[in-house]
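Engineer: Please see the structure below; I have some questions.
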Amino acid sequence: MKHAESQKPESSKPEVTRRGFFAQGMAAVAGASAVAAAMSPLRHLTSGDIPTLEEFFQKHYKEMTAEDKEQVFNRIRTAVGKRYRTEVNLADPPPMDGVEFVYGLNLSRCIGCRKCVHACVAENNQSRAPEIQYIRVLEMEKGSIDVETSDHHYDPPLVPNPDKYYMPVQCHQCADPPCVKVCPVEATWQEPDGITVIDYDWCIGCRYCEAACPYWARRFNFTEPEIPADQLNPNMSYLSNRPRQKGVMEKCTYCLHRTRVGRMPACLEVCPTGSRKFGNVLDPDSEVAYILKHKRVYVLKEEVGTIPRFFYYFDERGSRYAEPIAPADVGGDA
Ligand code: SF4
Ligand code: SF4
Numbered sequence: 074m075k076h077a078e079s080q081k082p083e084s085s086k087p088e089v090t091r092r093g094f095f096a097q098g099m100a101a102v103a104g105a106s107a108v109a110a111a112m113s114p115l116r117h118l119t120s121g122d123i124p125t126l127e128e129f130f131q132k133h134y135k136e137m138t139a140e141d142k143e144q145v146f147n148r149i150r151t152a153v154g155k156r157y158r159t160e161v162n163l164a165d166p167p168p169m170d171g172v173e174f175v176y177g178l179n180l181s182r183c184i185g186c187r188k189c190v191h192a193c194v195a196e197n198n199q200s201r202a203p204e205i206q207y208i209r210v211l212e213m214e215k216g217s218i219d220v221e222t223s224d225h226h227y228d229p230p231l232v233p234n235p236d237k238y239y240m241p242v243q244c245h246q247c248a249d250p251p252c253v254k255v256c257p258v259e260a261t262w263q264e265p266d267g268i269t270v271i272d273y274d275w276c277i278g279c280r281y282c283e284a285a286c287p288y289w290a291r292r293f294n295f296t297e298p299e300i301p302a303d304q305l306n307p308n309m310s311y312l313s314n315r316p317r318q319k320g321v322m323e324k325c326t327y328c329l330h331r332t333r334v335g336r337m338p339a340c341l342e343v344c345p346t347g348s349r350k351f352g353n354v355l356d357p358d359s360e361v362a363y364i365l366k367h368k369r370v371y372v373l374k375e376e377v378g379t380i381p382r383f384f385y386y387f388d389e390r391g392s393r394y395a396e397p398i399a400p401a402d403v404g405g406d407a
């Protein structure tokens, strides 16, 4: 299958780059004769927090030539390999022509076991201390869809609770993503296959995108992420699960390093109840296209107009088939 080109930065937006943002900011504080005070937070930076010159002058991902990319990727392979004492397979799979990914979740089947939460952490090299999780499973009273009163810290000995139902929430890969619009440096954007990505080397950590997301889908690295070397997933890509640094944002990418090469997301593969369905909505023979055509589907917070590529649905018969099991730990900041 052919691959689609990444979208270029929107030409209508004033050109703001990470280096330009810093340069303009610094000029402004210099004019106010407040450089020393403004720089005082830098006293707390460790040498590991300060980018190397090579990193600082790195171009935006969408402006890099193939040669630039190879240089950057080699630097990352070496740095990650040295840090975790392993061989790193860093790829950069592009979006495929004629593919737009969507995710469907069957609320009649989900038992709230949180296996998807933890498979995602392992697959995507999220920090373990503090643990960062992209998926949050909400527990709600049967017969209501009220996310505001839901509980995602539920911890009974067994799930499912027959009086409750469970709604996993992660990035909805919106067709009109508010997080992208507010980023002042275009460090986050939507790819042609519908996946919103972040260039971690371009993010300045302002957290505007986190505030703009109506689905609580973005996670910020307040501290240096910690992943035990023996738990690192060495199969990674630049725009998804390569290790992140302190001070940058991250989020679910529908496991693009897997899904762009024909595999399923890790959360889907581990789900014991078949609650999760993923695929190309532009393929009329796909399971997701069938569900969208034949089932009654629901999108979360439809009123905010983000047009999610993540939808929920119920089975007509509505019964769960799984036996009760012990849920995985809540863990993390969930
Ligand atoms: S693994 Fe499947 S059944 Fe368990 S919480 Fe996630 S979606 Fe629900
Ligand atoms: S925190 Fe979000 S809005 Fe701010 S630079 Fe990073 S991606 Fe952009």
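Note that this note's numbering has the sequence shown beginning at 74, numbered continuously upward. We treat Cβ as the ideally placed atom computed from N, Cα and C, and that holds for glycine. Since the structure is predicted, the reported quantities are computational estimates derived from the model, not experimental observations.
Check whether the Cβ of Pro-184 lies closer than 7 Å to any heavy atom of ligand 1, and answer yes or no.
Structural biologist: On the sequence shown, position 111 is the one that residue 184 refers to. It should be pointed out that residue 184 corresponds to Ile in this sequence rather than to Pro. Ile-184: yes, Cβ under 7 Å from ligand 1.
Engineer: Within 10 Å of its beta-carbon, does Cys-247 have 16 or more other beta-carbons around it, so buried, or fewer, so exposed?
Structural biologist: On the sequence shown, position 174 is the one that residue 247 refers to. Its Cβ being crowded by 16 or more others within 10 Å, Cys-247 is buried.
Engineer: Measuring CB to CB, does Glu-128 end up less than 8 Å from Asp-274?
Structural biologist: Translated into positions along the sequence shown, residue 128 becomes position 55. Translated into positions along the sequence shown, residue 274 becomes position 201. Yes; because the gap between Cβ atoms is below 8 Å, this pair is in contact.
Engineer: Taking only beta-carbon positions, decide if Lys-142 is within less than 8 Å of chain D.
Structural biologist: Considering every chain present, this structure includes no chain D. It has just one protein chain.
Engineer: Starting from Gly-352, follow its DSSP beta bridges and name the residues at the other end.
Structural biologist: For this step, residue 352 is matched to residue 279 along the sequence shown. Paired residues: Val-175.
Engineer: Within a Cβ cutoff of 7 Å, which residues of the same chain sit near Glu-200, ignoring the five residues on either side of it in sequence?
Structural biologist: By one-based count along the sequence shown, residue 200 stands at place 127. According to the sequence provided, residue 200 is Ser. The question's Glu does not apply to it. Closer than 7 Å at the Cβ level, and outside the excluded window around Ser-200, lie Asn-294, Pro-298, Glu-299, Ile-300.
Engineer: Provide the residue(s) that pair with Thr-261 in DSSP beta bridges, ordered along the chain.
Structural biologist: Here residue 261 corresponds to residue number 188 of the sequence shown, with the count starting at 1. Thr-261 pairs with Ile-271.
Engineer: If you measure from the CB of Arg-315, is any heavy atom of ligand 2 nearer than 7 Å?
Structural biologist: Here the question's residue 315 lines up with position 242 in the sequence shown. Checking the Cβ of Arg-315 against ligand 2 gives no.
Engineer: List the residues that DSSP assigns as beta-bridge partners of Val-242.
Structural biologist: One-based indexing of the sequence shown puts residue 242 at position 169. According to DSSP, which records beta bridges pairwise, Val-242 is partnered with Arg-209.
Engineer: Pick from Arg-182, Phe-351, Leu-178: whose alpha carbon is nearest that of Gly-267?
Structural biologist: By one-based count along the sequence shown, residue 267 stands at place 194. Residue Phe-351 is the option with its Cα nearest to Gly-267.
Engineer: In this structure, does DSSP put Phe-387 in helix, strand or coil?
Structural biologist: Start at 1 with the first residue of the sequence shown, and residue 387 comes out as number 314. Phe-387: coil per DSSP, three-state reduction.
Engineer: To the nearest angstrom, report how far apart Tyr-239 and Thr-138 are at their CA atoms.
Structural biologist: Locating residue 239 in the sequence shown gives position 166, counting from the first residue. Locating residue 138 in the sequence shown gives position 65, counting from the first residue. Rounded to whole angstroms, Tyr-239 to Thr-138 spans 45 Å at the Cα level.
Engineer: Tell me the rounded alpha-carbon separation between Asp-141 and Val-321.
Structural biologist: Stepping through the sequence shown from its first residue, residue 141 is reached at position 68. Stepping through the sequence shown from its first residue, residue 321 is reached at position 248. C-alpha separation (whole angstroms): 22 Å.
Engineer: Just to check my reading of the structure: Leu-355 and Val-242 have Cβ atoms closer than 8 Å, yes? What is that Cβ distance to the nearest angstrom?
Structural biologist: Working through the sequence shown from its first residue, we reach residue 355 at position 282. Working through the sequence shown from its first residue, we reach residue 242 at position 169. Rounded, the Cβ-Cβ distance is 25 Å, inconsistent with contact.
Engineer: Are there any heavy atoms of ligand 1 lying less than 7 Å away from the beta-carbon of Lys-215, as far as the coordinates show?
Structural biologist: Looking up residue 215 in the sequence shown gives position 142. For ligand 1, not one heavy atom lies less than 7 Å from the Cβ of Lys-215.
Engineer: Any idea if Ala-109 is buried or exposed, counting beta-carbon neighbours within 10 angstroms, 16 or more meaning buried?
Structural biologist: Along the sequence shown, one-based indexing puts residue 109 at 36. Residue placement at Ala-109 cannot be trusted, given a pLDDT of 43 that sits under 50; what the coordinates show is reported in the next sentence. With fewer than 16 other Cβ atoms within 10 Å, it is exposed.
Engineer: According to DSSP, simplified to helix, strand and coil, what is Arg-116?
Structural biologist: Position 43 of the sequence shown holds residue 116. Confidence at Arg-116 is low in this model, with a pLDDT of 45, below 50, so the placement of that residue should be treated as unreliable; the coordinate-derived value is given next. Three-state result, Arg-116: helix.
Engineer: Under 8 Å, with one C-beta from each stretch per pair, do the segment 185 to 203 and the segment 300 to 309 reach the 3-pair mark?
Structural biologist: At 8 Å Cβ cutoff, the stretches touch.
Engineer: Following the continuous alpha helix (DSSP H) through Ala-139, name the residue where it begins and the one where it ends.
Structural biologist: Mapped onto the sequence shown, residue 139 falls at position 66. 139 to 157 is the extent of the alpha helix (DSSP H) around Ala-139.
Engineer: Starting from Ala-164, follow the beta strand (DSSP E) in both directions and report where the run begins and ends.
Structural biologist: To locate residue 164, count along the sequence shown from 1; it is residue 91. Unbroken beta strand (DSSP E) run through Ala-164: 162 to 164.
Engineer: Does the separation of the CB atoms of Pro-316 and Tyr-327 fall below 8 Å?
Structural biologist: Counting from 1 along the sequence shown, the entry for residue 316 is found at position 243. Counting from 1 along the sequence shown, the entry for residue 327 is found at position 254. Cβ atoms of Pro-316 and Tyr-327: not closer than 8 Å.
Engineer: Alpha helix (DSSP H) containing Ala-284: first to last residue?
Structural biologist: As a position in the sequence shown, residue 284 is number 211, starting the count at 1. First-last of the alpha helix (DSSP H) with Ala-284: 281 to 285.
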